[in-house]
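Take 1320 as the starting number for the sequence shown in the numbering used here and just add one per residue.
Ideal placement from N, C-alpha and C gives every residue a C-beta, glycine not left out.
So the structure is just underneath, and the comments pick up after that.
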Amino acid sequence: MALALAEIAVSKKQDAWWVSGTDGATVLASMMSLASELGASQRDIQEAYSGRRNPADVLWTQLDRHSGWLLVIDNVDDLNAMRIGQSGARDGNGWLRQSTAGLIVVTSRVADRHSWGRLGQLHLLHPLSDDDGAQVLLDLADSAGSRSSAARLSARLGGLPLALHQAGRYLASPFAPVRSFDAYMDSLGERFTDLLGSGQDEQSTLTRTWEVSLDALERRGFPQSRSLLRVLACFAPSIEIPPVLLEQEILGKACKGIGPGGVAPGLAALLTVGLITEGVAPHPHHGTGVTIHRLVADSSRLHATAETVAIAAQLLHRASGNLRNDRPEDWPEWSALVPHLQELLNLLGPRAGKRQLQMIAEATAATCYALTWSGSYGRSIELADSALSRTNAIENSRSVLYLRFQRIMALSYQGATAEAEQQYRRLITQQISLLGRNHPDVMASLRETAWVIFKQGRYAEAEEELRKLLPRITAVLGQEHRSTLIVRTELGRALAAQERYQDAEVMLREALELQTRFLGNDHQHTLLTKSEVADVLIAQGFYPTAKTMLDEILEVRLRVFGPDYPYTLNTRRLLAKLARRSGDQEAAESELRDVVANQIRVLGTDHPDTLKSKSELARSLYLRGNKTDAVNQLRSLLEAQTRILGEEHPDVNSTRDMLSDMNGLLS
């Protein structure tokens, strides 16, 4: 940019001068040479060197006598180079002063506005777009591939001009073993230092250029910035590192001899030289995050140690402990942890000890639980699989067994209940062997096993399992524990599924009263139980009471969880069912069509919840007189239910009976 400005000045026949700003002595010598060129006497110059006159005054006396000039001071990465006497870069009475006679342009890594004072205008140079970066590569190596390939490589290099320049120069060499944009990108992971470690000096060598900035920060009194950057480089580049991951107590371990008190100034120093950038917006509970450029991270990881990875693991572990997985307002922050967990999992290797692996497994399990709560079942499974494949060294630990539990639970919520049951049973055997029969983790697995048995339509068997479990889990965890209350709710559901509605209502209302008292009205478990009570009331014909309850539930779910949350859609299905039972078939059909469309989009065509809504829609169509459409819907539904739920599932039998009745009436 400075060169482009200089070319413009020269083309307009204006004076342009270029001064190196690497250190104070060089600046002084260059400025005095310029002052002499502009007309300063030797006496003025000698007095400036001897300290009898302010050198900046000598220079500016001459500059103010000229007009239309450009002065570039290049590479001022250490602000001490701009200090003259008591005046610094920001004071406006040293080397840098306000002038209408000409323009001063300073190039620097220091991006802190305060450091340049109120007179300086800061212009941040952002990475190039993929298209502009592609043009840089093509200008340097036009035979290395297509524009689209060049654009992909530019994106991988983060649009960083220095990296683009090095890559283009490398590919243009007739001796380079890698000759195309695509091959260069494929080789970056294994040959990062070879491909981006060449240059004429440290300023132009990518793998060293940021070390120059860190060296400057160390000279300014921020040695901890280097180790802080190493830790941040363990997280996902180019994605905001949320403030919940910047716990100062733990990051302070990277600030040798300083401790937590060195974290804030160390991070602020990294901001001033552009090695990290501030997050886009402050997070509601924890402040502002930071982002690290992909190539800064790649370069910093070359210096990563076991201690670096350990601190990053501790940060993720602490973050997962500072968030609640059942609180919707925390779900965005849980989601923000996922790419950083994935990145650290990818970095794990011989440098990670067993304790670090345990912390990562525990943090991943907690995140998977939050993802499942939020309805992101597939994402939860994907994250769990990634962690399980990298924690083989501790596969028989409680943390890994709990991670498996979370994966199976997400699988069951996706609708794969038969597969989930088999995996739960294997997990329970391992848990009992490691933890004992009455450990809370074993109780949770037994509870979820009963739930997947219920979802497969084996209601009596589910009831039996839950009745055996209830006294055990109450003795271990207490009657007020969330897990105990879930067992009560599931037992009520099993009774209702067997049409023992009065017994089910008693059990569900007991659970609801306890959940409301201990968890609150808006908690997911409370709402789930309240939904079951409403469904039992519908079955018994108490429509007005059920309608009031479902309206209350829907208001909370829309407000707290949003319209696409799976249980929000289930509540709407129950309201449509109630409308159908009450005789308002038009309202029921309209609502069910919208619910089915949204469930297909959110959960998939074959998810059990989608199938339930399709069944309700077929009933509503038939009652509205659309009998042919209803029969066609039921035939399609029967095929899907049989494939997903199995031949003997009660829902399959119900659809088969309904289809038979409709066919009989039609004939």
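In terms of residue numbering, what span does the alpha helix (DSSP H) encompassing residue i cover?
{"i": "residue 1343", "result": "1343-1357"}
{"i": "residue 1936", "result": "1927-1942"}
{"i": "residue 1732", "result": "1717-1732"}
{"i": "residue 1708", "result": "Residue 1708 -> no alpha helix (DSSP H), and no H or E assigned at all."}
{"i": "residue 1666", "result": "1650-1666"}
{"i": "residue 1761", "result": "1759-1774"}
{"i": "residue 1987", "result": "Outside the shown range of the chain (1320 to 1986) lies residue 1987, about which nothing can therefore be said."}
{"i": "residue 1849", "result": "1843-1858"}
{"i": "residue 1633", "result": "1625-1641"}
{"i": "residue 1577", "result": "Careful: residue 1577 lies outside any alpha helix (DSSP H) and carries neither H nor E."}
{"i": "residue 1917", "result": "1904-1921"}
{"i": "residue 1503", "result": "1500-1506"}
{"i": "residue 1320", "result": "Looking at the DSSP string, residue 1320 is not in any alpha helix (DSSP H), and its letter there is neither H nor E."}
{"i": "residue 1688", "result": "1673-1692"}
{"i": "residue 1951", "result": "1946-1964"}
{"i": "residue 1440", "result": "Careful: residue 1440 lies outside any alpha helix (DSSP H) and carries neither H nor E."}
{"i": "residue 1583", "result": "1582-1591"}
{"i": "residue 1835", "result": "1820-1837"}
{"i": "residue 1743", "result": "1736-1754"}
{"i": "residue 1372", "result": "Careful: residue 1372 lies outside any alpha helix (DSSP H) and carries neither H nor E."}
{"i": "residue 1550", "result": "1543-1551"}
{"i": "residue 1456", "result": "1449-1459"}
{"i": "residue 1787", "result": "1778-1796"}
{"i": "residue 1430", "result": "No alpha helix (DSSP H) contains residue 1430, which DSSP labels as neither H nor E."}
Would you call residue i buried or exposed, if buried means 16 or more other Cβ atoms sit within 10 Å of its Cβ?
{"i": "residue 1549", "result": "buried"}
{"i": "residue 1404", "result": "exposed"}
{"i": "residue 1740", "result": "buried"}
{"i": "residue 1612", "result": "buried"}
{"i": "residue 1385", "result": "exposed"}
{"i": "residue 1864", "result": "exposed"}
{"i": "residue 1686", "result": "buried"}
{"i": "residue 1987", "result": "Because the chain spans 1320 through 1986 in this model, residue 1987 falls outside it and cannot be assessed."}
{"i": "residue 1293", "result": "For the chain, the structure presents residues 1320 to 1986; residue 1293 sits outside this window and is missing."}
{"i": "residue 1462", "result": "exposed"}
{"i": "residue 1981", "result": "buried"}
{"i": "residue 1899", "result": "buried"}
{"i": "residue 1868", "result": "buried"}
{"i": "residue 1326", "result": "exposed"}
{"i": "residue 1365", "result": "exposed"}
{"i": "residue 1657", "result": "buried"}
{"i": "residue 1848", "result": "buried"}
{"i": "residue 1968", "result": "buried"}
{"i": "residue 1446", "result": "buried"}
{"i": "residue 1704", "result": "exposed"}
{"i": "residue 1726", "result": "buried"}
{"i": "residue 1331", "result": "exposed"}
{"i": "residue 1617", "result": "buried"}
Go to residue i, then tell me how far its beta strand (DSSP E) extends in each direction, as first and last residue.
{"i": "residue 1492", "result": "No beta strand (DSSP E) holds residue 1492; DSSP gives it neither H nor E."}
In this structure, what does DSSP give as the bridge partners for residue i?
{"i": "residue 1403", "result": "1406"}
{"i": "residue 1337", "result": "1391"}
{"i": "residue 1423", "result": "1390"}
{"i": "residue 1560", "result": "1609"}
{"i": "residue 1596", "result": "1610"}
Measure how close the beta-carbons of residue i and residue j come, nearest whole angstrom, since I'm counting them as under 8 angstroms.
{"i": "residue 1396", "j": "residue 1429", "result": "7 angstroms"}
{"i": "residue 1661", "j": "residue 1629", "result": "The pair is not a contact, with the Cβ atoms about 18 angstroms apart (cut-off 8 angstroms)."}
{"i": "residue 1680", "j": "residue 1722", "result": "5 angstroms"}
{"i": "residue 1811", "j": "residue 1780", "result": "Incorrect: roughly 16 angstroms between the Cβ atoms, too far for contact."}
{"i": "residue 1421", "j": "residue 1390", "result": "6 angstroms"}
{"i": "residue 1803", "j": "residue 1796", "result": "5 angstroms"}
{"i": "residue 1460", "j": "residue 1491", "result": "4 angstroms"}
{"i": "residue 1917", "j": "residue 1870", "result": "The Cβ separation is near 19 angstroms, so there is no contact."}
{"i": "residue 1436", "j": "residue 1410", "result": "6 angstroms"}
{"i": "residue 1609", "j": "residue 1551", "result": "7 angstroms"}
So, does the CB of residue i fall closer than 7 angstroms to a CB anywhere in chain D?
{"i": "residue 1954", "result": "Going by chain labels, chain D is absent from the structure shown, which holds only one protein chain."}
How about residue i: is its Cβ closer than 6 angstroms to a heavy atom in the ligand ADP?
{"i": "residue 1487", "result": "The ligand ADP is absent from the structure shown, which contains no ligands of any kind."}
**OP:** Count the C-beta pairs between the segment 1721-1740 and the segment 1685-1695 that are closer than 8 angstroms, then say yes if the count reaches three, no if not.
**Re:** yes
Original post:
Between the segment 1863-1874 and the segment 1817-1833, do three or more beta carbon pairs fall short of 8 angstroms?
Top reply: no
Original post:
So, do the segment 1836-1847 and the segment 1816-1825 have three or more beta carbon pairs nearer to each other than 8 angstroms?
Top reply: no
Original post:
Between the segment 1917-1925 and the segment 1935-1942, do at least 3 Cβ pairs fall closer than 8 angstroms?
Top reply: no
Original post:
Between the segment 1573-1583 and the segment 1646-1665, do three or more beta carbon pairs fall short of 8 angstroms?
Top reply: no
Subject >> the segment 1746-1765 contacting the segment 1781-1795, beta-carbon criterion three pairs below 8 angstroms >> reply: yes
Original post:
At a cut of 8 angstroms, does the segment 1551-1569 reach the segment 1635-1643 through at least three beta carbon pairs?
Top reply: yes
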